[in-house]
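Shown next, in structure tokens, is the structure this report addresses.
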Amino acid sequence: MGTTRLPRWFNMVFIVFGAYVILTHTLGLLSGTPWGGFELLFGWELGSAWWVGRLAMVVGWTGIVAMNVQGLRRGRRRAGLVE
């Protein structure tokens, strides 16, 4: 049974959006500003532990971007574009 592969543009969308999320949350983490979106989206009131949520977003999206980059590289390797 074969696996279904995502189109290349789908990987690119995730990479670009993920880079944006990583950049904005890293800058917010470094500047020390909490993000109110966690309470709005998930109902989480993080209080003084706001940085944990931002750090989790950065780490999680870094993993998502890495998986999509790996998928693009694997697809190019199968197509014979990269050795």
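In the working numbering, the protein residues as written are 34 to 116. Just so it is clear, CB atoms sit at the ideal spot from N, CA and C, and this is done for glycine as well.
| Check | Outcome |
| --- | --- |
| TRP94 and GLY65 closer than 7 Å at C-beta | no |
| First and last residue of the uninterrupted alpha helix (DSSP H) at SER81 | From DSSP, SER81 is part of no alpha helix (DSSP H); its letter is neither H nor E. |
| VAL102 beta carbon less than 7 Å from that of THR59 | no |
| TRP83 burial status per 10 Å Cβ neighbour count (16 or more: buried) | buried |
| Counted within 10 angstroms of its Cβ, other Cβ atoms place VAL85 as buried (16 or more) or exposed | exposed |
| Collapsed DSSP secondary structure at GLY68 in the structure displayed | Here residue 68 turns out to be Trp, not Gly, going by the sequence shown. It is coil, neither helix nor strand. |
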